[in-house]
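Visitor: Protein chains in written order, with the working numbering: chain F, 1 to 279; chain S, 1001 to 1271.
(1) Please state the DSSP three-state secondary structure of residue 1165/S.
(2) Taking the DSSP output, what are the residues bridged to residue 1020/S?
(3) Is the segment 1135 to 1144 of chain S close to the segment 1158 to 1175 of chain S, with three or more CB pairs under 8 Å?
(4) Where does residue 18/F land, buried or exposed, given buried means 16+ other C-beta within 10 angstroms?
(5) Counting only beta-carbon separations shorter than 8 Å, does residue 1104/S have a partner in chain F?
(6) Against chain S, with Cβ distances strictly below 8 Å, would residue 159/F count as a contact?
(7) To the nearest angstrom, report how far apart residue 250/F and residue 1080/S are at their CA atoms.
(8) At the level of alpha carbons, what is the spacing between residue 129/F and residue 255/F?
(9) Could you pull out every residue in the same chain whose Cβ sits closer than 8 Å to the Cβ of residue 1203/S, ignoring the five residues on either side in sequence?
(10) Report yes or no: is there a C-beta of chain F within less than 8 Å of the C-beta of residue 1086/S?
(11) Of the residues that make up the segment 160 to 178 of chain F, which ones have a beta carbon closer than 9 Å to any beta carbon in chain S?
(12) Less than 8 Å between C-beta atoms, sequence neighbours within five positions excluded: which residues of the same chain meet that for residue 26/F?
(13) Show which residues of chain S have a CB atom less than 8 Å away from the CB atom of residue 232/F.
(14) Mark residue 1234/S as exposed unless 16 or more other C-beta atoms lie within 10 angstroms of its C-beta, in which case mark it buried.
(15) Using 8 Å for Cβ pairs, my map puts residue 1161/S next to residue 1095/S. What's the rounded Cβ distance?
(16) In this structure, what does DSSP give as the bridge partners for residue 133/F?
(17) At 4 residues or longer, what runs of the alpha helix (DSSP H) sit wholly inside the segment 1085 to 1169 of chain S?
(18) In chain F, what lies closer than 7 Å to residue 1080/S by C-beta?
(19) Does residue 1062/S have its Cβ less than 8 Å from a Cβ in chain F?
(20) Is the distance from the Cβ of residue 202/F to the Cβ of residue 143/F below 8 Å?
(21) So is residue 105/F in contact with chain S if we call contact Cβ pairs under 8 Å?
(22) In chain order, what residues of the segment 224 to 258 of chain F put their CB closer than 8 Å to some CB of chain S?
(23) Please compile the residues from chain F whose C-beta is within a distance smaller than 9 Å of the C-beta of residue 1161/S.
(24) Looking at the strands, I want to know which residues DSSP matches up with residue 1179/S.
(25) Tell me whether the segment 1175 to 1190 of chain S and the segment 1055 to 1062 of chain S touch, counting them as touching only if at least three CB pairs, one residue from each stretch, are closer than 8 Å.
(26) Taking 8 Å as the CB-CB cut-off, is residue 1094/S touching chain F?
(27) With 16 other CB atoms within 10 Å as the buried threshold, where does residue 1131/S fall?
(28) Taking just the CA atoms, how far does residue 66/F sit from residue 1082/S?
(29) With residue 42/F as the anchor, note down where its alpha helix (DSSP H) starts and where it stops.
(30) For the segment 145 to 231 of chain F, list the alpha helix (DSSP H) runs that are entirely contained and at least 4 residues long, ordered along the chain.
(31) Using CA coordinates, which residue listed in 1092/S, 1023/S, 1072/S and 1028/S is at the minimum distance from residue 1014/S?
(32) Using 8 Å as the Cβ pair cut-off and three pairs as the minimum, do the segment 219 to 234 of chain F and the segment 35 to 54 of chain F touch?
(33) In whole angstroms, give me the CA-to-CA distance for residue 240/F and residue 135/F.
(34) Should residue 152/F go down as buried or exposed, given a rule of 16 or more other Cβ atoms within 10 Å for buried?
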């Protein structure tokens, strides 16, 4: 890590990049922002924003369960989030109910369970703030390592399956007819998305993590005229708002996650104006 | 077995096929034989199970019974054109993007391989749609989308092509163009084509064999043999006599014939 921190000193000789916590925060943003944007392209194509919301809100319960049972809440929130994600996909594939109904049920279950636990143990409330709003400035080296591993796993997954996932997003039936293993890919994607959402909560906060997936991808879609352009515009919007948001946080002393999302929303508004003018 | 007999062998054999969806039996004891290198039309009233039969052939729905699709030179490639291709029309997907997505493993955001683009362009050429290559998928008309879908199907180098109501989303001109394409592709690529259609004019002009379906096979055989009033009445119901008089293809029905272009079993003797 020392080497990376020294490299940051050389590349970014600015006051905001001097403190060690800002260097770690910058690394976290550089990993999480493009990761969310890349996975977000599929969230937008699959219309999975509500799915992501259910996972992120389940983190609330994951943290409460961790504290309740004396397990590191950063672990329990990931495990609980992944279980909720796989549960949603599993029931959706076996049920004739619409996907938003299935997600609604899981969402309600996760949040209700969390509220029951927290209301019964009032002392837990104070521990939840950093998860609600995110706390990238306290991110640790092991957490950075976890983010880097997830980044590489998602990069490998997209490298192999992006095209097939995109075809599923265009038309699931046709993708099936073309021999694509739709179910297996949906499970794998949901698993990775649940991991991305729960890991990124440390940076953005559970209230706004879905925005980190959806807003850059939506801006990318407004600006792009092709699949490739949509992907790279989404990455640029995610990365740009992540870094600008983090730097702004240093000077404004505001919550990092919310600042990043605010910048991303401005980028989206600009892209929307461009899309309207183009029409 | 001489060459002609060989080509007359079945491309698809269906034995005692039963499909039940949501507790309702959609297909009940269907037996059919679809000749290799022929254009076979599946006709029948709404809800007869025509699309279900195609989906069963694709293995996309559970069924009881047996469907055997013969290999052609060791290859088994079935392509499918759905009746309606519904998608998010706002997606920034160009026609070439769409065709390359199914062709290459490497993600499109990294590279669009030259060789795959050339193949996609050739497929577009085959369906007279090269000029659409840079258009957004969502901006295509019904007929244009149908031809792009046909190009997408051709990219899989199919031995069997399944078409579900190809005339439903296009106007008369588009239908004529599409029929011409199917006829030409059938000849050039020696495809086995199975086509669901309500358009008996199209069936008469394109298909060499017809299967009349209403949960089970009511009649099957050469187009001219099956497309007669008694057979159609048993398939669509007696009251559908009105249908015959109200449609422009009535005249063509009365002289239902083998396709003039030799697309029937006779021509495939050279296969």
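Idealized CB from N, CA, C, for every residue including glycine.
Guide: According to the structure data:
(1) coil
(2) 1025/S
(3) yes
(4) exposed
(5) yes
(6) yes
(7) 56 Å
(8) 11 Å
(9) 1041, 1043, 1195, 1197, 1210, 1223 and 1227
(10) yes
(11) 160, 161, 162, 163, 164, 166, 167, 169, 170, 171, 173, 174, 175, 176, 177 and 178
(12) Spatial neighbours of residue 26/F in its own chain (CB-CB distance under 8 Å, excluding positions within 5 residues in sequence) are listed in chain order as 8, 12, 17, 243 and 246.
(13) 1109, listed in chain order.
(14) exposed
(15) No, residue 1161/S and residue 1095/S are not in contact; Cβ-Cβ is about 20 Å, not under 8 Å.
(16) In the DSSP output, where bridge partners are listed per residue, residue 133/F has none listed.
(17) Counting whole runs of 4 or more residues, the segment 1085 to 1169 of chain S contains the alpha helix (DSSP H) stretches 1095 to 1101, 1114 to 1126 and 1142 to 1154.
(18) 177
(19) no
(20) In this structure, the beta-carbon distance from residue 202/F to residue 143/F falls below 8 Å.
(21) Put simply, the CB of residue 105/F is far from chain S, with every gap to its CB atoms at 8 Å or more.
(22) 224, 225, 226, 227, 228, 229, 230, 231 and 232
(23) Those within 9 Å of residue 1161/S in chain F number zero; the least Cβ separation is about 12 Å.
(24) According to DSSP, which records beta bridges pairwise, residue 1179/S is partnered with nothing at all.
(25) no
(26) yes
(27) exposed
(28) 49 Å
(29) Judged by DSSP secondary structure, residue 42/F falls within the alpha helix (DSSP H) whose first and last residues are 20 to 46.
(30) 172 to 177, 182 to 204 and 209 to 223
(31) 1028/S
(32) yes
(33) Cα atoms of residue 240/F and residue 135/F: separation of roughly 19 Å, rounded to the nearest angstrom.
(34) exposed
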